[in-house]
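Worksheet: the structure to be examined is printed underneath.
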Amino acid sequence: MTEHVLTGTRGTLTAHEWPHPRPRYVALLVHGYGEHAGRYQETAGVLGGHGAAVFAPDHMGHGRSAGERVVIEDFEDVVTDVHTVAGLARAAHPELPVVVIGHSMGGLVAARYAQRYGATLAALVLSGPVIGNWALPERLLALDEIPDAPISPGALSRDPATGTAYAADPLVWHGPMKRPTLEAFVRTLETVAGAGGVGPLPLLWLHGDDDRLVPLPGSRGGVERLAPDARTERIYAGARHEVFHETNKAEVFGDLIHFLDGALAS
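Below you can see the structure in the form of C-alpha cells.
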C-alpha cells in the first residue's frame with residue numbers, strides 16, 4: 001500500500017492505493033464512520049487478486065486525513081473528496097472501468113456518489129449501508145447531551161479478533177458521536193431518499209441479518225428506492241455489521257467477486 005496526500009474540501013486528504021501491475025478495473029473503497037481505509041487491507045487484497053487497482057480515502061476527520069475527529073458537517077463534501085480520489089485513479093488508469101464499494105456510513109456516501117456521478121461507474125456495492133430509515137441520529141439529537149457510548153467492538157463481527165483489533169486501533173475513534181455529524185446524517189439520508197435511483201447501474205447489497213448497528217429492515221427501503229430493478233441482494237444469516245470481517249467472509253468475498261465479474265462483463 002502507498003499513500004497520497006491530496007487537497008480535500010476541508011483540508012489535507014490521505015488516500016491509500018493498493019497498486020496492481022496490470023489492472024483491469026479500479027475499485028474505490030469508501031470506509032465507514034469512525035474507522036479508516038487501512039482496515040480494508042484484506043478486502044483490497046481480494047480485489048487486487050481479482051485484477052483491481054484499489055484506491056481508498058480516509059474521510060475528513062478520520063484516519064490520517066485532516067479535521068476534527070469524526071466531524072462531518074456536510075456529506076456532499078465527503079462525496080466530492082471521493083471524487084477527487086477517483087480523479088487520482090483515473091489519471092493513473094484512464095481507460096479502466098470504476099466500481100465503488102461503500103460500507104456503513106461509506107454506503108451512504110457511495111449511494112450519493114452514484115447519484116451524482118453514476119454515469120462514470122460500472123458498478124456499486126453497498127455493505128451494511130446507512131440508507132433509508134436509520135433511527136440513531138434523530139434519537140441522539142433529541143438528547144441534551146450526546147452520550148459517550150462508543151461503538152461496541154462485539155457488534156462488528158462474530159469473529160472476536162475483529163473486535164480486539166478494532167478496540168486496539170489508534171486510528172479508530174473510540175469516543176462519542178458529535179452533533180454536527182449526526183445532523184449531517186439526517187440531511188443526507190433525506191437527500192439520498194429524494195434524489196432518485198441510479199438507473200441501470202448494477203448494484204450489490206450485502207447485509208448481515210444480525211446487524212445491530214445499521215439494522216437490515218431500515219436499510220431495505222433505501223436500497224429499494226435507489227435500485228428498484230438492477231439490484232442483487234445477499235443477506236447473511238447471523239452476520240453482524242462488518243460482513244467483510246465476518247466469520248463467513250470467504251462466502252461474502254465470493255459473492256462480491258461473482259457480482260463484479262457480471263457487472264464488468266456487461
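Okay, so the sequence shown: first residue is 1 according to full-length UniProt numbering, each after it adds one.
From the three backbone atoms N, C-alpha and C, an ideal C-beta is built for every residue, glycine too.
Quick check: residue i and residue j, are their CB atoms within less than 8 angstroms of each other?
{"i": "A52", "j": "H93", "result": "no"}
{"i": "D58", "j": "T9", "result": "no"}
{"i": "V85", "j": "A123", "result": "no"}
{"i": "D255", "j": "A237", "result": "no"}
{"i": "A101", "j": "L29", "result": "Looking at the sequence provided, one finds Ile at residue 101 rather than Ala. Cβ atoms of I101 and L29: closer than 8 angstroms."}
{"i": "G11", "j": "G67", "result": "yes"}
{"i": "G194", "j": "L226", "result": "no"}
{"i": "Q115", "j": "V26", "result": "no"}
Report, in whole angstroms, the separation of the C-beta atoms of residue i and residue j, which I expect to be a contact under 8 angstroms.
{"i": "S219", "j": "P129", "result": "6 angstroms"}
{"i": "A56", "j": "A15", "result": "7 angstroms"}
{"i": "L204", "j": "T232", "result": "5 angstroms"}
{"i": "L121", "j": "G107", "result": "About 15 angstroms; that fails the 8 angstroms criterion."}
{"i": "W173", "j": "V70", "result": "5 angstroms"}
{"i": "Y33", "j": "S104", "result": "6 angstroms"}
{"i": "G176", "j": "D211", "result": "Sequence inspection shows Pro at residue 176; the Gly mentioned does not correspond to that position. With 8 angstroms as the limit, P176 and D211 do not qualify as a contact, their Cβ atoms being about 21 angstroms apart."}
{"i": "L182", "j": "L140", "result": "6 angstroms"}
{"i": "R158", "j": "R240", "result": "6 angstroms"}
Rounding to the nearest angstrom, what Cα-Cα distance links residue i and residue j in this structure?
{"i": "F259", "j": "F244", "result": "15 angstroms"}
{"i": "A230", "j": "L264", "result": "14 angstroms"}
{"i": "Y117", "j": "P215", "result": "27 angstroms"}
{"i": "F185", "j": "F75", "result": "8 angstroms"}
{"i": "G1", "j": "V54", "result": "Position check: residue 1 holds Met in this sequence, whereas Gly was assumed. Taking the straight line joining both Cα atoms gives about 9 angstroms."}
{"i": "T247", "j": "H207", "result": "14 angstroms"}
{"i": "G262", "j": "P202", "result": "9 angstroms"}
{"i": "P180", "j": "R187", "result": "11 angstroms"}
{"i": "A37", "j": "G222", "result": "25 angstroms"}
{"i": "L13", "j": "G63", "result": "10 angstroms"}
{"i": "P97", "j": "R90", "result": "9 angstroms"}
{"i": "V78", "j": "E3", "result": "18 angstroms"}
{"i": "I235", "j": "G154", "result": "19 angstroms"}
Who pairs with residue i in a beta bridge, going by DSSP?
{"i": "E3", "result": "H16"}
{"i": "I235", "result": "H207"}
{"i": "H103", "result": "S127"}
{"i": "G8", "result": "G11"}
{"i": "L28", "result": "F55 and V100"}
Taking residue i as the reference, give the member of the options with the closest Cα.
{"i": "P150", "options": "H83, K178 and G132", "result": "K178"}
{"i": "A161", "options": "H31, R24 and R39", "result": "R39"}
{"i": "A110", "options": "T7, E3, E95 and H83", "result": "H83"}
{"i": "G132", "options": "P153, A91 and E224", "result": "E224"}
{"i": "H31", "options": "M60, L189, V252 and G49", "result": "M60"}
{"i": "E95", "options": "R24, E73 and P217", "result": "R24"}
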